[in-house]
Amino acid sequence: MRRALGFAVCAALLCAGCAAAPTPPQIDPGLADLSLAAIHPVVVLPGSVLDLVGKSFVDEDSGLALLLVDGTFIPEVGRGRQIHVMLPARYVDATHLRVEAESGFWKVLGGEVGRFSGTGVVAIDSAIDHSRHTTGPAPIELKLVTVLAPKLDAAAGGSIYVNQPIQVTGDGFLLGGGEGETRAVLDGCFLPSGVAGPCDQQGKVGKKVTGVELPARPAAPWDRAHALFPFAPAIAGIHPGNFTGTVRLRNVPPTGMAAVSGDAPLVATVQKPAITKFSPTAASLGQYVDITGGGFVGGTPGAVTLIHIVGKFTVEGTTISRPTDLALVPRFEGGGKLRYVLDEADELGHLIDLRQIAGTFTGTAEPIILAGGEQEIGAPTQVQLGISHVRQVVYVNFQPSYVQGLRAFGLFAADQRVRERVFAVAARDYAGVNVEFRSAPPKDFALYAQVDIGGLDPNNLGLLGYDNTPGKDVGNSRLFDRIGGVNAATQEDGFPGYGGVFSEQFLGFSRHPPSSVAKLPFDTDRFDQVFDKLRAEHGGGPATPLEVASAARLGDGKPCPSQTREIQVACGIFVLGNLIGGTMTHETGHSLGLANPDGDGFHTMGDLPNRLMEAGGDRPFEERAELDGQGPSRFCDSEWSYLKKLLPAPDGPTVNRPPCN
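Per my numbering, the sequence shown starts with residue 1, numbered consecutively.
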């Protein structure tokens, strides 16, 4: 388990009596485009959530957000009064913040039914530059009410499937959450296909529907005029037929009495379940296949949709085929969507070795619907689904500590450019094998790996990187390793628990690292020649956003180091991106079962130039940084053969692979 790409160093630091010059403040570039565009909804109840829409919002690790409200509250009875308050806002994503309209909100914003008119400003207290950043004012018009009564204008029926959303239009609908919910209540008669009515009270002819109640969700965020409820099996079962009846709406708040609308007619013809397509048309082990259509069930006890597959599977590059007759058990996403993940443990995985065999299934797929003791089978649909070679997807998770650590390199404004170089290094190192690095958590794969990019080594060992996944995963059987966080099993073995890439530790290559980083046992001036011009504590000037924007994207390190400011910034980005990227591809190699997959040890033995999987002490700074004609490091010949067999893909650029020993 000794897979550290770095060095354990003694605790005593050099230059204990040195005093570093203060670092001038830098503006948080993540807040450069901070703005507030709109606030929803207009009608606010106790328990509502205000949605603040804007740009460049940051999470709580990077800054705390407030909504500054200024305006006039006019109650239904009485005189208006001025309101000036600050309300805490919760981070949702880069374009959304939320403010809870709980009792404190009501108290400070008027405390009673009425209208507020004014402006709102988002303020973020940055943890990066320790300053307050504010948006321009956005208009706010709010109507504060304690009760909403629903108004129903119409319900859309027609030709539908079981569980298809039925849209109702009107006004005064609840948005869910702390407000409570709007529910649809149905009454009427359901006649199975081919049965003449009318329904009788005993249910001998058709099915009498009385008071079936279902949740109605907003058709769009913050929409109080349009809602959707599913034509669920609870209404009339799962068979095709005709429904004739009425629907009314009930607003059900968390406390107090429900308010009810009038009735609206609903006439619908229910179709047999159907499949329209599989997407994507080719997938690999651990990847989702979305099955779209209509009439699917699931998500409640006893309700399940199976997909019956009949046809043949043809092995890639051959005429060899085998008959296929199996049932898939996908995950229910809604009446019109199922998600199936290619899994070694199910019928398809037993039929085909999903790690070794690629090919194409052609044939038919039909949905089998089971609910409430009933079964309905849809018509078969012609489908084609390719089974691709295994792909290892890796999510690269840049943590706030990485962003903070950029300040010590003078590259705080170059965050995105450094990331760009990291991904370029990763794509180059794995070109020709089926490994894909992504900047966001995948939504199309159930099984994927993650590598965390942080700042200082939380193990306090001065490591540059560490694969803390358990054991040596020869054959990459897991596909879902996380290189990062803390792994208790690793700690129990007596090894460091925290994994990832520790970018701030690269400052240990400097002859004068900051006090938080111990000097690494290398003698080189190149690190300081690249970074001292950017490090304020050594007389340099941190790169500005304008300098970063105009800096060239270097393809090699020939111009570095340089006396030209523009090239100095470009060299800093290039070198730091190489250091992080090369460490990341090394640690990812460990998680794939390298080095020495057929033997002992975790590193390529020896001290030879440009071997990516050599131990940390055998890889000098210039090789990692790709300076002075050294680098880039490569997987050596037998390692590359192992990867090509494990994760086959079309060949990438021709690379002269060095021998491993």
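Every residue, glycine too, gets a C-beta built ideally from N, C-alpha and C. Note that this is a predicted model, so its numbers are computed, not measured.
According to the DSSP assignment, Asp-618 belongs to no alpha helix (DSSP H), since it is labelled neither H nor E. As computed with DSSP, Gln-563 is found in no beta bridge at all. Buried is the label assigned to Met-613, since at least 16 other Cβ atoms lie within 10 Å of its Cβ. No alpha helix (DSSP H) of 4 residues or more sits fully in the segment 140-177.
Per DSSP, the unbroken alpha helix (DSSP H) holding Val-548 starts and ends at 545-550.
At a Cβ-Cβ threshold of 8 Å, Gly-485 and Gln-399 do not count as neighbours. By a beta-carbon distance limit of 8 Å, Leu-328 does not contact Leu-351. Their separation comes to about 11 Å. The segment 388-404 makes contact with the segment 423-438; the number of CB pairs closer than 8 Å reaches 3 or more. Per the C-alpha coordinates, the member of Lys-312, Pro-137, Gly-593, Ser-103 positioned closest to Val-69 is Pro-137. By the Cβ test, the segment 149-162 is not in contact with the segment 189-203, since fewer than three Cβ pairs between them sit closer than 8 Å.
Listed in chain order, the non-local C-beta contacts of Ala-371 below 7 Å within the same chain comprise Pro-233, Ile-238, Val-297, Gly-302, Ala-303, local neighbours out to five positions each way being set aside. Residue range 96-100 is occupied by the beta strand (DSSP E) that includes Leu-97, with no alpha helix (DSSP H) assigned at that position. Contact between the segment 411-426 and the segment 70-83 is absent, with fewer than three C-beta pairs closer than 8 Å. The straight-line gap separating the alpha-carbon atoms of Ala-94 and Asp-61 is approximately 13 Å. Contact between Ser-193 and Gly-241 is confirmed by a C-beta separation of about 5 Å, below the 8 Å threshold. In this chain, Tyr-448 is not harboured by any alpha helix (DSSP H), its DSSP state being neither H nor E. Distances from the alpha-carbon of Phe-445 to those of Cys-571, Phe-361, Ser-279 put Ser-279 closest. In the structure shown, Leu-646 adopts helical secondary structure according to DSSP, grouped into three states. Contact annotation: Ile-573 and Val-403 have beta-carbon atoms that are not nearer than 8 Å. Distance between Val-517 and Leu-464, taken at the CA atoms: about 11 Å. Cβ contact annotation for Ile-368 (same chain, cutoff 6 Å, sequence separation greater than five): Leu-306, His-308, Ile-377, in chain order. With contacts defined as CB atoms closer than 8 Å, Leu-66 and Leu-34 fail to qualify as a contacting pair. Gly-359 is a Cβ neighbour of Val-315, given a cutoff of 8 Å. Here DSSP, grouped into helix, strand and coil, assigns His-40 to strand. According to the DSSP assignment, Pro-198 belongs to no alpha helix (DSSP H), since it is labelled neither H nor E.
For the pair Gly-432 and Arg-634, the Cα-to-Cα distance works out to about 13 Å. Listed in chain order, the non-local C-beta contacts of Arg-482 below 6 Å within the same chain comprise Gln-450, local neighbours out to five positions each way being set aside. Residue Glu-366 holds the alpha-carbon nearest to the alpha-carbon of Asp-325 among Thr-319, Leu-50, Glu-366.
Judged by DSSP secondary structure, Val-517 falls outside any beta strand (DSSP E); it is assigned neither H nor E.
Within the DSSP secondary-structure output, Ile-307 pairs in a beta bridge with Leu-328, Pro-367. Taking C-beta atoms under 8 Å as the contact rule, Gly-335 and Tyr-161 qualify, at a distance of about 6 Å. Bounds of the alpha helix (DSSP H) holding Asp-415 are 415-429.
For Ala-184, DSSP records a beta bridge to Leu-214, Leu-249. About 5 Å separates the beta carbon of Val-548 from that of Ala-413, a gap short enough to meet the 8 Å contact definition. Shown here, Lys-312 sits in a strand according to DSSP, grouped into three states. In this structure, DSSP gives Gln-271 a state outside helix and strand, which the three-state scheme calls coil.
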